Structures are given as C-alpha cells and as structure tokens.
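For the protein sequence lines, the chains are A and B, in the order given.
Under the working numbering, think of the first position of the first sequence as 1, with each following residue one higher.
Under the working numbering, think of the first position of the second sequence as 409, with each following residue one higher.
Glycine included, each C-beta is placed from N, C-alpha and C at the ideal position.
Quick caveat, the model's predicted, so the values are computed rather than measured.
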Amino acid sequence: MSLKKLIGNKTMAALAVLITVFANTSAFAQEAAAAATAKPVDMGPIYKSTLFYILLFLLLCLFIAIVGKALRVYELTQETQGKQSINWDKVNGIIFAIFLVVGLYGVYWEYTVHGEMLLPEAASEHGKKIDQMFNITLIITTIVFILTHIVLFAFAYFYKSSNNRKAYYYPHNNALERVWTIIPALVLTVLVLMGFLTWRSIFYKIEDPNNKPLSIEVTSSQFQWDIRYPGADGVVGKKNYKKITAINALGIDFTDKNSLDDQIGDEIVLPVNKPVRFILTSKDVLHSFYMPHFRVQLNTVPGMTSYFEFTPTITTEQMKVKTNDPSFKYLLLCAKICGANHYNMQKPVRVVTQAEYDAWVVKQTPYLTNDLRKAFNLPVIAEPVAAPAKADTTAKDTVKTNQIALKK
Amino acid sequence: MSTISLQDTHHHDSHDDHGHHHETFLTKYVFSQDHKMIAKQFLITGIIMAVIAMGLSILFRLQLAWPDKSFPLLETFLGKWAEGGRIKPDFYLALVTIHGTIMVFFVLTAGLSGTFSNLLIPLQLGARDMASPFLNMLSYWFFFSACVIMMGSFFIQTGPASAGWTIYPPLSAVPTAIPGSGMGMTLWLISMVLFVASSLMGGINYVTTVLNMRTKGMDLWKMPLTIWAFFLTAILGILSFPVLVAGVVLLIFDRSFGTSFYLSDIVMGTQVLPNEGGSPILWQHLFWFLGHPEVYIVIMPALGISSEIISVNSRKPIFGYHAMIYSLIGITTLSFIVWGHHMFVTGMNPLLGGVFMITTLIIAVPSAVKTFNYLATLWRGNIRFTPAMLFAIGLVSFFISGGLTGIFLGNAALDINLHDTYFVVAHFHLVMGSAAIFGMLAGVYHWFPKMFGKMMNAKLGYLHFWLTFICAYLVFFPLHFLGLDGVPRRYYAFTEFEFMNKWLTVNVFVTWAAIVAALAQVAFLFNFFYSIFKGKKAPQNPWEANTLEWTTPVEHLHGNWPGEIPTVYRWPYDYSKPGAEHDFIPQTVPFSQTMSSNLPHDFEGNAEAEKVQKDWEAVNKPTQEEAE
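Set out below in structure tokens:
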C-alpha cells in the first residue's frame, strides 16, 4: 500500500514539475510575442525546440526516478525475503575496474590519434632540445600515470567492502615512505637539471662574431604585429612612443641615423640556419609573441623591451615536404589575452634560403616616407610615381637615398 | 586523564544561559553567529555561484563548438552581447573571466574553506564555536556582498570585467582597451577587496580557533588531517591575500587616480597616455604572489577532506599520518616561492626563471608523497563506496593526472611552448576544476548528515559521481592535445587559423561532454535540496567514524555538545585495530577501555601506561591463547 502511495506521490511531483515548466515557457512565449512587435524574428520555433529539449531532459529525469524506484522496490523485496539485495560496493568496485580498462584504452587512443595531430618537429635549434626534454618528461609521466592509476583502481576493485574481511591495520612504514620520497626527488632532480641547462642554453647565448644574428623588431598593438627590418646597416634604429603620430605609427625616431634605412616587413621572412634576434616591444597592452613551430614564445610588454634569439633550421618548402602538407605555413600568433580580436592576431612567417632572403629583403619598403621627412626636417626626395609595377624600383631608390642620407 | 576541567564546565554553563535567548528568524538563519549555520550559508552560496559559473562555461563552450551557428535564445537572455544569437568576442572574454574568478575565489576558496573550516574546525577539535563568532558572521556577509557585486557587473552597460581572471594590466587598466575594463573592472576590484577582507576574517578565526580552542587531550598531533589542512590553508591565506589587496589597490589608483604603478609607454591607437615609469610585470608578481598560494588554498582543504574520507571508508588508518602533515607543511612553505613559474615567458629575467623552475619542481615531491600515501591507505582496506568515498578516489585520480601535467609546465624550457595554451587550461582544470571540486563534493556527501541531520540518497550520488567523473576526463583530457598543437587559450573562435580547423570536431565533442557533466549536476542539486527537507533522518554516526563531530547530537544546538565537551585520548585513525571489538575506536575512548587492542606505540613513551598495559597483557594474553 505505502509503496503504491509513494509511486503516486512521485508521479504527482513529476506532473507538478511539468506543469510549472509549461507555465514558465508559456510566460516566455508571451514575452516573446511582446518582443516580436519590435523584432521581426519569429521566436516560436526556437522556444518550441528549447521546450523540446527541456521536456526531453525531464523525461530522462523521470526515467531515472522510475529506475531508482524500481531498484528500491527490488531491494525491499529482497530484504523482506531475507535475501541479499544489491551490493553497491561490489557494483562500484566493478565499475572502477571497467573504468580502468576502458580508460587505459582511451588514453592509448588519445596518444595515438590526437597525438598524431600535433605540431611537426621543431624548426629551430633550441626547439629540438625542448622536444627532447618534452619526450623524456612525457615518458616518465606516462609511466607514473599508468602505474598509479592501475594501482588506484585495482585497489578499489580488489579491496571493496566485504563482511568476511577486516582491513589491515597499517598506520605507517618509514622505510617505504622514504623510498617514495627519495625516488620522486631523484627523478625530479634529473628533470630540473636538464630543464635548467636547456633553459640557460636558450636565454644565455654567446654571440659568434662570424655569424651575427639578424635583428628584427616586433611591435605589437591591438590587433596587429608591426615588423621592422634593420635595413642595410643591420641595426634597428631607436623609437620613442611619444613620437607616435598618425603617419609614424611606431614612433620611430628618425634623428637616429640607424632608423633611416629601416624597412617594413609585411610578413616575417627569415633566412634558414642564421640566428635571428627578435626585439619585442608593445605599444598598448600585453601580447605574446608565439611561434609554436619554432618553440618560441615571449610576452611583449609596453615599456619594456624583451629579446628572443633562435636559429630556424627548416625552410617552409622543406617543411611542406616533411609534413606532406602543401599548404603548410609557419605562424605567429598572439598568446596573451589582449582584447576582442585576440583570436585573430596573426602574421605570416616564411623561412627561406639565404639567397631568397637577400632577394626579398631589398624589395621591402622603408618606413621613412616623404611625410616623415618633412616632419623630421630631412631632405625630401622627389615624389615617386605611385604605380604598383614600379614599386620595386621605388624601394631601391629610397634605399639608395637613405644611404646617401647616411653618408651625410 | 579523566578529570573534568573547570573551564569546560564553565563553558557549558554559559552556553545554557545563551540558550535562553530567543532566536528570531533573522538571528538564526540570516545574521547567525553559529559556525554550523555560517558553514551552511557559505556552502549554499558557493553552490549557487558554482552553478552560475558552470552556466557561463557552457555558454562559451557553445561558442567554441559551433562558432558559426546562431542561437537566437542567447539573444533573448543576453541582448546586445549576443546579437543575432552569437556571442560577441568581448563578451566571450567576459564569460571566461567571470567563470574563472567565480570558480577560483567564490567557489573553491570561500565555498570550500568557508564551508568546511567553519563546520569542522570547532566540531572536530571539540570547541563550542569559533574564537570570534561575530567576525565569522562578518566574514560571510563580506563574501556575500562580494558575490552580489561581482554578479552585478552583468547588469551594467559595458559588461563585466573581461581581461581574464588574472586581470593583467594594461588591458585591465585602460578602459579603451576593452569595454569590460570600464565600470565592470571597477566592480571586479571592489568585489575582490571585499572578498579578501572576508577571507582574512575567516582565516584569522580558523587559526585562532585551532591554536587556542582545542578540547582537552587534543594536541596538535592528534588533530584529524582535515584540521591540519584547514589550518595551513588559513595561514597561507592570511600571508598571501593581503598582497593581492595591495596589488588591487594600486590598480585602482592607476585606473582612477592617474598613477603609474603598472603603466608606462602606452599608446592607444595614436593617443599617447601620460603614464610613465610603471611596469605591468609588477602586477604579475603581486598577483601571483597570492595566485600561486591560492591554488594550494584551493587544493589543500580538498586533500584534507579526502584524507579523512579515504581513511574512514577504507576502514584503515591513513597511511603515514606524520608524512601527510609534513608534506602539507612542505607544500605550504614552498608555495610561497614558486609564483614565478606563471611568469617564465613574461620577459622576466631568465635567471629568475631558472630559480623558480627549481622550487616548482621540488614542490612535486610532497605532492607525490601524498599520492602514494593515499594509495597505501587503500591497500588491503575494506573499502565502502559511499558517494563521498567515490569522489575522494576521483580526487586522487585527478590529482595524479593534473599533478603530472604540472611537471611539464613547471619546467621553464617546456613552458615556452606550452604557456597560455590549452595545455595549461587542461592542467589546472584537472587539479583545481576537477580534483578540488571533487574534494568539495566528497565533503558535502560525507558531512551532509552532520550539517542537515539528514542522509543524501546514495544511488543518486553514484549516478552523479560516475557521470561527472567520466565527463570531466572527456572534457579535459583532449584539451591537452590542443595545447600541444599550439592552440592558445582564450581564443574566441578557431576559425581564423587553418591549423585549428582539425580541432573543431574535438571542440564539439568536449562541449557535449561538458553539457552532460553540467546536467549530471542536476542529480546532485536535486539530491542536496530534496534531502535537506525530505531526506532520511541521519543516525548520529552514519559512517562509523572516529572524529569528534560524530559525538554531537544530530539535532543542532548552539554550543555543539549538550553536556561537557568530550576529552580526546587518541589519534583519529584507529580503524580496524587488531584486537578491538569494532573496526573503529572513536577519539573519545580512553586506552583503559581498549586494553585488548593497545599497541606499545600508542603510549608515546609514557612509562606508567606501558607498565599497566604489560601487567594487563601478562594476565589476559595467555588466557586468550588458551581460549583459542
């Protein structure tokens, strides 16, 4: 009798919930009708579909409630008959065992399927060291991960509650504890040492006088990267944020002679196997100069210049072959939250041979325009004809004049 | 040993006097000074905030999974922030920011520490209430105001703060950089100051109570691990939160009074800002000086809770009680000198990077010890899978997984390519978003009978656990691989980069897993609120545990124990002791009543007691053998 009553109560409760939901949604529908006068969008079908999902969920809840009730009834009948009802400790123990097996397969699947979708091999010298370091760490952690999880879930399965057994009183074992303090400590010491050496080799570079790095300045701002190549003198000139105007977006100080031949890079082109030193600056907020293929990342900070030096080792063309992807591109992304368009702050990057680089770099337009010459009281050169076909010669001309200006 | 202290009796009397006061609804349920009621207030506020933050996460998961799809319903609720049914980029960032802030501070700090420190410190130590009940009440109401103000930022025109939960300036300092850095950021900062005030008041109270108000016999080395964890967490909070306030106040100055603590050389478009001489890096140092201890503030109470639950439900003493405490102390100390690992690639001096890498990887040792000790506790146990136990085991699993990925991120060289990618997201969601939340849920299931005098439905608990456990792994495990492929976090859509297209299907999968996980919480919420009113009445000691809270009556009373406060004679982990009658011996049982199960170790070198025991054994042991 009481059981019947219980089920009755449950149905009543479920009905009440359903009615409330209907009432609520119809209230929403009324609001929507009011809104419809202002907006032409017909919300009817949308509410219907939302309602559909809500009802589906409620149905699921009802189903679970019924299953729960049925289990309860089963357990009660078993109990009244003096039989053993469901042993939930056993059930949970078994689910843990299943979870272990399925989980291990899942990890294997992830490692092999998603693990295949990752970045290609590092395209820089230090990147190779980082990858090596990564692989060692991955192997160690995977072993620990698998073993500890096998132990954890196996213990959960084998030592599930039983009335025939008493737990083993085992409060401590100093020898054992010493072992599992010292072993992780040793492993971590090895990792720390290797990491520390790798880190030092990345950030403390000894300059080779025969192979001086190419300096490239990067200025980040919402939401773009401005690249400044040093020009023929190989030195990026000074800049000062106070000099920023509509025509001088980077605030380049053209009274510094090193600035006169600085060129705009509308993409980042790097010669292969030559060290490159990025001078990282920011105009407005923090950004992060992130080139995952080279294992390069450093924040750009307004008011503070930071440097990252590395040597690209694989050209874009070679990488296309290696990855078997004809559309392969190196990328520069922003990795530090910087505003609404953070997700689309990119610049193409190409790694080319030295010869290709030399041919490309001379074609780049200098920052110094006639407007800027006027602003900085520099001699103005004749207005070049603004024809795209002649852009190349124009660039060369300006480079020449720059050099003249330099000599003066 | 058995003399009754006068002080206790006195307490008892004053409690009786207190009981005569008439309690109104307002003093009992709203401005309550009873630690148990305050714990419930913290818990329920925490749960509400958790549901809100989870809802926000579903919103941005929708955006990530279906970046091109329109959800007109979103426009109905969010208006101009989801014009045409698609969430706008800056609102996406606001969602991410507020989700993180609520989860880290309001749920996992206040909701976790606030609930369980308040509930358990007096109950497990044998105190009538906190050292300062009034301060305790203030602590809750400051927290509540902080929540209200934070949520209030959704109702202002420029929207909530949206510079990430770490609110790095200049993005957070310059209102023209992002709309959320207007009024929304001001509210965020005010809310945070109130929050820190709340957490300091709480922390001071916890430390004072632990140090001064333990019952007779409860020396520090007889305290349950829960209390050790809460105690050390409170110390961490007291030492690190003020630094955040200092940072926040300087940021308020920069934003509102034109100072330049964090700002220098900034040009918005072509407008040159007058600030000079500050450094955005300073904020990061101040923030992470709190921020890193903060993640231990989040995880340590969860570890303490799970230690207790695993021991009770394995029917075994926690393995290596002292090692557990020393590793907690080790984590506490080390957590102050590792903050720089959040800043490896900020342009900070590389020398510092090397130093912080060393300290960071050292902190993995005590964490490893804790994990192995949990495993050893389970070994040859007699495990009862209560929902609390399931969640505690889940915590151990997440703690292992998240801890191991931490070894990658703590390595400065590897961090270069992993920093600010989805790998980081996956890592901290495993440790904080999963392990710490599981600790909190385990605590709720375990101490629900103590809080509300009712039992929760175990079967719904199982359903809740298995769905959440599986879905949490389905959500966070694949995210590691996005990070390894170089996908940065906080990206509004994966549509602008060709290489990210291959992860779109993964995003859809992850979003579905997240939706199922969110719906699974309905099982918990229903169970929780239904059981408060209609649950089965709880017995006094439903889990057959040793700690003091189960010696109090089921019906709450202000002052906890109706008579004198019980005296403590032994450590809290005498489970399945050989020779004992039952498989648990509460802390209040003197050794004189358990002669058959006493071990030489129990007497801690007390020669007299050892002699008594030997004499007893000389008389009784042979007879036992004869009987056999």
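Between the alpha carbons of residue i and residue j, how many angstroms are there, rounded?
| i | j | result |
| --- | --- | --- |
| A/Ile7 | A/Ala65 | With a pLDDT of only 48 at A/Ile7, under 50, the local geometry of the prediction cannot be trusted, and no value is derived from it. |
| B/Gly861 | B/Thr453 | 20 Å |
| B/Leu965 | B/Phe433 | 15 Å |
| A/Ala386 | A/Val380 | Legend: pLDDT at A/Ala386 = 49, less than 50; position of this residue unreliable, value from coordinates given subsequently. Computed Cα separation, rounded: 16 Å. |
| B/Pro1039 | B/Met631 | No statement about residue 1039 of chain B is possible, as the shown extent of chain B runs from 409 to 1036 and does not include it. |
| B/Met732 | B/Gly712 | 9 Å |
| A/Leu119 | A/Lys129 | 15 Å |
| A/Leu138 | B/Ile808 | 14 Å |
| B/Ile455 | B/Gly519 | 7 Å |
| B/Met765 | B/Val746 | 8 Å |
| A/Phe158 | B/Gln1021 | 36 Å |
| B/Val510 | B/Phe697 | Here the sequence assigns Ile to residue 510 of chain B, which means Val is not the residue at that position. About 19 Å. |
| A/Ala35 | B/Glu483 | Model confidence at A/Ala35 stands at a pLDDT of 48, short of 50, so the residue's coordinates are unreliable; what they give is reported in the following sentence. Going by the C-alpha atoms only, they are around 12 Å apart. |
| B/Pro970 | B/Ala866 | 30 Å |
| B/Val924 | A/Glu125 | 44 Å |
| A/Ile46 | B/Phe485 | 13 Å |
| A/Asp226 | B/Gly738 | 47 Å |
| B/Leu875 | B/Ile801 | 14 Å |
| B/Phe992 | B/Pro986 | 10 Å |
| A/Ala33 | B/Ala569 | Here the model assigns A/Ala33 a pLDDT of 48, short of 50, so the residue's position is not dependable and the matter cannot be decided. |
| A/Ile86 | B/Ser525 | 36 Å |
| B/Asn819 | A/Ala122 | 18 Å |
| A/Thr315 | B/Val777 | 47 Å |
| B/Val1039 | B/Glu989 | Since the first residue of chain B shown is 409 and the last is 1036, residue 1039 of chain B is not available in this structure. |
| B/Gly522 | B/Ala447 | 6 Å |
| A/Tyr105 | A/Gln346 | 37 Å |
Bridge partners for residue i per DSSP, in chain order?
| i | result |
| --- | --- |
| A/Pro366 | A/Gln263 |
| B/Tyr983 | B/Phe992 |
| A/Ile279 | A/Glu217, A/Tyr307 |
| B/Met765 | In DSSP, B/Met765 forms no bridge with anything. |
| A/Ile227 | A/Val218, A/Gly265 |
| A/Phe289 | A/Leu298, A/Cys334 |
| A/Lys347 | A/Leu332 |
DSSP three-state label for residue i, please.
| i | result |
| --- | --- |
| B/Phe752 | coil |
| A/Lys160 | strand |
| B/Ser672 | coil |
| A/Val352 | strand |
| A/Tyr204 | coil |
| A/Thr393 | Model confidence at A/Thr393 stands at a pLDDT of 43, short of 50, so the residue's coordinates are unreliable and nothing is read from them. |
| A/Leu270 | strand |
| B/Val680 | strand |
| B/Met840 | helix |
| B/Ser1005 | helix |
| B/Ser388 | Outside the shown range of chain B, which is 409 to 1036, sits residue 388 of chain B, and nothing can be said about it. |
| B/Lys858 | helix |
| A/Ser124 | strand |
| B/Pro795 | helix |
| B/Met863 | strand |
| B/Lys945 | strand |
| B/Thr975 | coil |
Is the Cβ of residue i closer than 8 Å to any Cβ of chain E?
| i | result |
| --- | --- |
| B/Tyr576 | Chain labels in this structure do not include chain E; the protein chains are A and B. |
Original post:
In chain order, which continuous runs of the alpha helix (DSSP H) of length 4 or greater are located wholly inside the stretch 482-553 of chain B?
Top reply: 497-509, 523-533
Original post:
What alpha helix (DSSP H) runs, 4 residues minimum, are completely inside the stretch 540-618 of chain B?
Top reply: 541-560
Original post:
Is there contact between the stretch 181-195 of chain A and the stretch 813-832 of chain B, where contact requires at least three CB pairs shorter than 8 Å?
Top reply: Per the Cβ contact rule, the stretch 181-195 of chain A is in contact with the stretch 813-832 of chain B (3 or more Cβ pairs under 8 Å).
Original post:
Should the stretch 556-570 of chain B be called in touch with the stretch 258-275 of chain A, which here means at least 3 C-beta pairs below 8 Å?
Top reply: no
Original post:
Using 8 Å as the threshold, is the stretch 539-550 of chain B in touch with the stretch 628-646 of chain B, meaning 3 or more CB pairs across them?
Top reply: no
**OP:** Would you be able to state if there are at least three C-beta pairs under 8 Å between the stretch 885-893 of chain B and the stretch 559-568 of chain B?
**Re:** no
Subject >> Inter-stretch contact (C-beta, 8 Å, three-pair minimum) for the stretch 232-243 of chain A and the stretch 318-325 of chain A >> reply: no
Original post:
Are the stretch 608-628 of chain B and the stretch 546-554 of chain B touching, with three or more C-beta to C-beta distances below 8 Å?
Top reply: These segments touch.
Original post:
Do the stretch 284-299 of chain A and the stretch 362-378 of chain A make contact, defined as three or more Cβ pairs closer than 8 Å?
Top reply: no
Subject >> Meets three-Cβ-pair contact criterion under 8 Å: the stretch 161-171 of chain A and the stretch 838-855 of chain B >> reply: These segments do not touch.
Subject >> Sufficient close CB pairs (3 or more, under 8 Å) joining the stretch 642-654 of chain B to the stretch 999-1016 of chain B >> reply: no
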